[in-house]
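Trainee: For the sequence shown, our numbering begins at 1 and goes up steadily by one. Right, I'll just put the structure down here and ask away after.
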Amino acid sequence: MWWRSRRGRWRLGADLTIETGGEVLLPGAQASTSITRASGGSTPSLFVHGRLAVPREDGDPCYFRVNTVSVPVELRPGGLIETLDGEVYLIGGGSWTGGTVRAASRCGGRLVFGGIDVTTFIAGDVVARAEQDGRVLFAGLTHTLNVIGTLRTEDLGDAGQTGIEVENVIAIGTGEIRHEQGRMLMHGCDMGTTLINSAELQLAGGASDVRGLLRNDVDVRQYSGLRFEGGVAENTGVWSVEGSGGNQAVGSGGLFTNTGVYMVGDPDGPSFGHNAAVRFDNRGSVVVDEADAVFRDVVQIVGNELTGGDWDVVTTGSITFPGLTVSRVTGQGTRVRGDAASQPWGSDVETIDGGARVESVGDWSFGQPLTIDDGTLEALSGTTMAPKIDIEGSGTLGVGDGAKVKSDDDLDLHSVLGDIQGVIAPGLLPAPATIEAPDTRSHGRVIPGGIARAGQFDFVGDLTLFDDGQLLVDVGGADNTDVITVAGSATLGGTLRVSLIDGFVPEGGESYRLIDTLGGIFNDFAAADLPELPTGLEWEVYVGELFVGLSVVDGCQADWNGDGSVNTQDFLAYLNDWNVQRVMDCSGGVCSADLNGDGTVNTQDFLLFLNFWTSGC
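Pasting the structure below:
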């Protein structure tokens, strides 16, 4: 059975029940209807087991009247309140133990739940749904939502349209508001209940108070502030702080816990002054892009130690901790990325350990001697400077393509247990990585280019390789082999470890310059670990006055003509090649008589062959 109102005021002197299967239809475009209480007596209620609706009508869907229900509405399981082409204000509160409220207008029609000094109880499982261009709005400065059960909100409407709005309401209770699909807009609210977002939640307009639990599992876009009054915000998804800045999270006794991504920055341009004055627990990632983010109370800063979280400045902007000093970055999973301007607190850091990682992008100056012990400092670009740098334990210093690390004092790598621990890695040709220090002293591993990747290391100063250290060299051909240049002298020691990369198979007569110096080569490697070569070929490591070369030679260098014996004919054959090639440009390994691989054929090569010839095979 159904009843349809055309216009006017409907006064209730007693409760009205819309039974299951029954309908009450309110006008859309034709007129306005109000359902109010009759004068005198108690306030009646409208019980909805069936359907209370504004139906779709012919004509312009953007021309509609406002219908008002000012008596309490008691929505029951299976009941439906909906508008298909109109607007309904329900301002009498009520108690909902189930059912659905739905706005599916073609032109912005709304279901508005509000009122002055009224309470809407959510005592069961209720769904609020917006479709097409319709909107469902919970509003009112003195409207209380007392959520004991679950209010599920769904925005299934047009793309770009906000279908669910919560504006200036007081939300209390032990139940949950669950936003499950589409977009919800919230502003100016006092949230003392639990709000769980698994879709998109926008915080805009006036600031909202958080006294309960606000949890985001997918996407929050915050344009206005949050005031914490003992409440908790939890982010496991993406929480974007946008707009022009301001007090984004303030209050005493509250907590913001981030295990997802907390992004600060406005996609429309730079923004400044984003202030998080609430206690902030970052167990996920903080990402700042073209913005200034201020964190005044960080759970992970204990004493002078930053003990967790990912703190990343993408391009420009900054992360600051006013009043907090960080001298140690520690803890597995702790990561800091930026430069001196974007991470100004970083100048106080003295220790990186416990598995922590610091990535320097641009120029970064450490004001104190820096120790890297079971942690990583990776200089990705620009110049990273410190009065002194020590790499200990399983610490790692990485230097990116074209980047520089500068230590005013000697740079020391230590292998505490005599194992391969400290690492310097990688720079890529033709943009070498640079270490500038009076002396780089390695008891660990030096790896130009990184593992299985050719690169170049330039040492501005001396290089000292101790006997408990290793130099790892990758060979992939003439233009794909690790190179080290030393502006000072190089003192050799430890083990030279050579690996072939990119499927390269050396051929006889090839040579590679591994180390070039201006100040000379001293000592020799204690050992060489060289890969296998095809049958009949051997490696030869040549240590000259200014360079170290690596050559691929026949098994018997003295048998120059390859007839299986060493005699005068071999001597004369080499002498002939030597005489022809000593006036040639032998760079690139094109001269067979260049036995030491230095790019020239000269007396040193002749004496080297003479030594082979007199020794025989």
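Ideal placement from N, C-alpha and C gives every residue a C-beta, glycine not left out.
(1) Please identify the residue among Glu540, Ser208 and Leu203 whose C-alpha is closest to the C-alpha of Tyr512.
(2) Compute the distance between the beta-carbons of Glu19 and Gly50, then report whether it is under 8 Å.
(3) According to DSSP, is Gln604 helix, strand or coil?
(4) For the 8 Å Cβ check, are there 3 or more pairs between the segment 304-311 and the segment 323-332?
(5) If Ala379 and Leu411 are in contact, beta carbons under 8 Å, what's the gap, nearest whole angstrom?
(6) Helix, strand or coil: which one does DSSP assign to Asp297?
(7) For Asp190, write down the residues that DSSP places opposite it in a beta bridge.
(8) Answer yes or no: the CB of Gln332 versus the heavy atoms of the ligand SAM, is any distance below 7 Å?
(9) Checking the sheet assignment: what are the DSSP bridge partners for Ser592?
(10) Taking the straight line between their C-alpha atoms, what separation do you get for Thr33 and Tyr223?
(11) Give the secondary structure of Gly86 by DSSP, where H, G and I count as helix, E and B as strand, and everything else as coil.
(12) Any idea if Gly555 is buried or exposed, counting beta-carbon neighbours within 10 angstroms, 16 or more meaning buried?
(13) Assuming Val580 is part of the alpha helix (DSSP H), what are its boundary residues?
(14) Given Thr603, which residues of its chain have a CB within under 6 Å of its CB, disregarding the five upstream and five downstream residues?
(15) Distance, Cα to Cα, Thr36 vs Asp158?
(16) On a CA-only basis, which of Gly544, Asp401, Tyr574 and Lys406 is nearest Thr384? Give me that one, please.
(17) Are Val552 and Leu514 close, meaning C-beta to C-beta below 8 Å?
(18) Mark Arg9 as exposed unless 16 or more other C-beta atoms lie within 10 angstroms of its C-beta, in which case mark it buried.
(19) Taking contact to mean 3 or more Cβ pairs, one atom from each stretch, closer than 8 Å, check whether the segment 176-195 and the segment 144-164 are in contact.
(20) On a Cα-Cα basis, can you pick out the residue from Ile435, Gly476, Ile451 and Val475 that is closest to Gly461?
(21) I'd like to know whether the C-beta atoms of Val313 and Ser342 end up nearer to each other than 8 Å.
(22) Determine the closest residue to Ser565 out of Asn197, Trp613, Ile451 and Thr600, with distance taken between C-alpha atoms.
(23) Would you mind stating whether Gly99 and Leu84 have Cβ atoms separated by less than 8 Å?
(24) What do you get for Met263, buried or exposed, if any count of 16 or more other CB atoms within 10 angstroms of its CB means buried?
(25) Buried or exposed, going by whether 16 or more other CB atoms sit within 10 Å of the CB of Ala14?
(26) Quick check on the DSSP output: what are the complete beta strand (DSSP E) runs of length 3 or more inside the segment 336-374, in order along the chain?
(27) Going by C-alpha distance, which of Gly21, Asp297 and Asn146 is nearest Gly114?
(28) Would you kindly report the start and end of the unbroken beta strand (DSSP E) that includes Thr33?
(29) Excluding sequence positions up to five away, which residues of its chain have a Cβ less than 8 Å from the Cβ of Thr315?
(30) By the DSSP assignment, the beta strand (DSSP E) with Ile515 in it spans what residues?
(31) In or out: Arg135 buried (at least 16 other Cβ within 10 Å) or exposed?
(32) Distance, Cα to Cα, Arg279 vs Leu546?
Mentor: The structure says:
(1) With respect to the C-alpha of Tyr512, the residue from Glu540, Ser208 and Leu203 having the closest C-alpha is Glu540.
(2) Yes, they are a contact pair.
(3) Assignment of Gln604 by DSSP, reduced to helix, strand and coil, places it in the helix class.
(4) Because the criterion of three Cβ pairs below 8 Å is met, the segment 304-311 and the segment 323-332 touch.
(5) A Cβ-Cβ distance of about 12 Å is found for the pair Ala379 and Leu411, leaving them out of contact under the 8 Å criterion.
(6) Of the three classes helix, strand and coil, the one that applies to Asp297 here is coil, per DSSP.
(7) Ile170 and Asp209, per the DSSP bridge assignment.
(8) Among the components modelled here there is no ligand, and therefore nothing to report on the ligand SAM.
(9) DSSP lists no beta-bridge partner residue for Ser592.
(10) So the two alpha carbons sit approximately 37 Å from each other.
(11) It is coil, neither helix nor strand.
(12) It counts as exposed.
(13) Residue range Thr568 to Gln581 is occupied by the alpha helix (DSSP H) that includes Val580.
(14) Non-local C-beta neighbours of Thr603 in its own chain, meaning closer than 6 Å and more than five positions away in sequence, are absent.
(15) Cα atoms of Thr36 and Asp158: separation of roughly 34 Å, rounded to the nearest angstrom.
(16) Of Gly544, Asp401, Tyr574 and Lys406, the residue nearest in Cα terms is Lys406.
(17) No, the Cβ-Cβ distance between Val552 and Leu514 is not below 8 Å.
(18) The residue is exposed, with fewer than 16 neighbouring Cβ atoms inside 10 Å.
(19) Put simply, the segment 176-195 touches the segment 144-164. At least three CB pairs are less than 8 Å apart.
(20) Answer by Cα proximity: Ile435.
(21) Judged by beta-carbon spacing, Ser342 lies within the 8 Å limit of Val313, meaning their Cβ atoms are closer than that value.
(22) With distances taken between Cα atoms, Ser565 lies closest to Trp613.
(23) Between Gly99 and Leu84, the C-beta spacing is not below 8 Å.
(24) Buried is the call here.
(25) By the Cβ-count criterion, Ala14 is exposed, with fewer than 16 other Cβ atoms from all chains shown falling within 10 Å of its own Cβ.
(26) Listed in chain order, they are 351-353, 357-361 and 370-373.
(27) Closest option to Gly114, Cα to Cα, is Asn146.
(28) First-last of the beta strand (DSSP E) with Thr33: Thr33 to Arg37.
(29) For Thr315, the CB contacts under 8 Å within the same chain, skipping 5 residues up- and downstream, are Asp289 and Glu290 in chain order.
(30) Where Ile515 is concerned, the enclosing beta strand (DSSP E) stretches over Ser511 to Thr517.
(31) Arg135 should be labelled buried.
(32) Each residue's alpha carbon lies about 59 Å from the other.
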